[in-house]
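Trainee: Read top to bottom, the protein sequences are chains Z and C. Residue 81 in the working numbering sits at position 81 of the first sequence, with consecutive numbering throughout. Residue 293 in the working numbering sits at position 143 of the second sequence, with consecutive numbering throughout.
Protein chains: 2
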Amino acid sequence: MEEDQLLLENQVCFPIYSVSRLITKAYQPHLDKMGITYPQYLVLMVLWEKDKLPVNSISKQLMLKTNTLSPLLKRMEKMELLERRRSPQDERSVIVELTKKGLKLKNMAKPIPGELVNILLKENIQLSEVIQLKNILNEWIEILSKNNKD
Amino acid sequence: MEEDQLLLENQVCFPIYSVSRLITKAYQPHLDKMGITYPQYLVLMVLWEKDKLPVNSISKQLMLKTNTLSPLLKRMEKMELLERRRSPQDERSVIVELTKKGLKLKNMAKPIPGELVNILLKENIQLSEVIQLKNILNEWIEILSKNNKD
DNA sequence: TAAGTTTATATCGTGCACGACACAAAATTA
DNA sequence: TAATTTTGTGTCGTGCACGATATAAACTTA
Chain Z
1 MEEDQLLLEN QVCFPIYSVS RLITKAYQPH LDKMGITYPQ YLVLMVLWEK
51 DKLPVNSISK QLMLKTNTLS PLLKRMEKME LLERRRSPQD ERSVIVELTK
101 KGLKLKNMAK PIPGELVNIL LKENIQLSEV IQLKNILNEW IEILSKNNKD
Chain C
151 MEEDQLLLEN QVCFPIYSVS RLITKAYQPH LDKMGITYPQ YLVLMVLWEK
201 DKLPVNSISK QLMLKTNTLS PLLKRMEKME LLERRRSPQD ERSVIVELTK
251 KGLKLKNMAK PIPGELVNIL LKENIQLSEV IQLKNILNEW IEILSKNNKD
């Protein structure tokens, strides 16, 4: 019984890990056109929604620590997608702001989410199933984050 | 409408990506006791189920290419968890076999899956929900792999 | 105000993932 | 059998993730 749980086939964790990588791959061709990676796309989505945010705020939304974000943001600055500058109010804080180039990519990105959903719909996946999955996952995020206090 | 889809909050992909990382973190303390990482744990699970497999077979089961697996397996060989040796039948093929140390870890690993499930049950997540999630994800794996022919 | 603490960001080292490419053994075809 | 293609594994370079640690600014407290 405990034995069965050690079968790859019976684990939930492994499918999550696999689907996560497969989705990144599904995004790849679209992101390639924009010359960005999936984590960079996530940063852009945050900033498209609300610009001029401190690293801190991006960190919380994406649940990525600054030791991951700092180099990522630096790369994006080198690509001229955004600019980083110390806040005058609080010299510890770094404010991230999109450049025109970074803002412009939003138009290219608009069709992307729909195209992934189309792949699923084409295979007779119900939209309700997508919503349901999203709800379950968000519930899990809450629980697993709690168990992992930052 | 297309605009809304670009909100982080409305994406399914982001929660999958987050939960995947959170689960790895939840496993971490247990894996630390064994001195291994999550991908290494996955390799062990494959070999605990059936030992003496070519890299190829592990690659397919974990959906990881050999350029990821080769260094991973080499690290595990250095840790004396497994041994790699060319197949006499087909000199191209490398057979991976667990050492005693690698086999022994199975006992330590047995309680792990149950403990993660316990975290969820403690928060009133139904076991049926876990099964349901697993089924949806396996369906998606099938679809997304098809769209991404190796 | 001086000393200690917290906060915001960053550096460093390690281990995945993966695309591009290399290479030898095996299989196929001419 | 010789030439070509396929197969199985590997190296290399890049970009995450993340634990441990560093550092300076801001805040708290004595």
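Backbone N, C-alpha and C fix where the C-beta goes; we use that ideal spot for every residue, glycine too.
Which of the residues in the segment 247 to 275 of chain C, read from start to end, lie with their CB under 9 Å from any CB of chain Z?
Mentor: Lys256, Ala259, Lys260, Pro261, Ile262, Pro263, Gly264, Leu266, Val267, Ile269, Leu270, Lys272, Glu273 and Ile275
Trainee: Taking its Cβ as the centre, do 16 or more other Cβ atoms sit within 10 Å of Pro111(Z), making it buried, or is it exposed?
Mentor: Exposed, because fewer than 16 other Cβ atoms sit within 10 Å of the Cβ of Pro111(Z).
Trainee: Check for me: the beta strand (DSSP E) holding Arg225(C) runs from which residue to which?
Mentor: Counting along the chain, Arg225(C) sits inside no beta strand (DSSP E); it lies in the alpha helix (DSSP H) bounded by residues Thr216 to Lys228.
Trainee: Does DSSP put Ile166(C) in a helix, in a strand, or in coil?
Mentor: If DSSP states are grouped into helix, strand and coil, Ile166(C) belongs with the helices.
Trainee: With a Cβ-Cβ cutoff of 8 Å, do Leu144(Z) and Ala259(C) count as a contact?
Mentor: no
Trainee: With 7 Å as the limit, tell me which residues of the segment 153 to 175 of chain C have their beta carbon closer than that to any beta carbon of chain Z; keep them in chain order.
Mentor: Gln155, Leu156, Leu157, Leu158, Gln161, Val162, Cys163, Phe164, Pro165, Ile166, Tyr167, Ser168, Val169, Ser170, Leu172, Ile173 and Lys175
Trainee: Do Ser170(C) and Met63(Z) have their beta-carbon atoms positioned less than 8 Å apart in this structure?
Mentor: no
Trainee: Between the beta-carbon of Glu139(Z) and the beta-carbon of Leu158(C), is there less than 8 Å?
Mentor: no
Trainee: Quick check: the Cα distance between Asn147(Z) and Leu133(Z), rounded to an integer number of angstroms?
Mentor: 21 Å
Trainee: Please confirm whether Leu133(Z) has its beta-carbon closer than 8 Å to some beta-carbon of chain C.
Mentor: yes
Trainee: In or out: Ser59(Z) buried (at least 16 other Cβ within 10 Å) or exposed?
Mentor: It is buried - the Cβ of Ser59(Z) has at least 16 other Cβ atoms within 10 Å.
Trainee: Mapping the DSSP letters down to three states, classify Ile95(Z) as helix, strand or coil.
Mentor: Taken through DSSP and simplified to helix, strand or coil, Ile95(Z) comes out as strand.
Trainee: Expressed to the nearest angstrom, what Euclidean distance is found between the alpha-carbon atoms of Lys101(Z) and Pro165(C)?
Mentor: Here the alpha carbons of Pro165(C) and Lys101(Z) stand approximately 27 Å from one another.
Trainee: The segment 29 to 43 of chain Z: which residues have C-beta closer than 7 Å to a C-beta of chain C, in chain order?
Mentor: Leu42
Trainee: What is the C-beta distance between Val96(Z) and Arg86(Z), in whole angstroms, given that I count them as a contact (C-beta under 8 Å)?
Mentor: Actually they are not in contact, since the Cβ atoms of Val96(Z) and Arg86(Z) sit about 11 Å apart, beyond 8 Å.
Trainee: Using CA atoms only, rank isn't needed, just tell me which of Ile36(Z), Asn107(Z) and Leu53(Z) is closest to Arg75(Z).
Mentor: Ile36(Z)
Trainee: Taking C-alpha atoms, which residue in Ile131(Z), Glu142(Z) and Leu98(Z) lies nearest to Val46(Z)?
Mentor: Leu98(Z)
Trainee: Would you please state the rounded distance, in angstroms, between the beta carbons of Gln161(C) and Pro39(Z)? I believe it to be under 8 Å.
Mentor: Actually they do not touch by this definition, with Cβ atoms about 14 Å apart.
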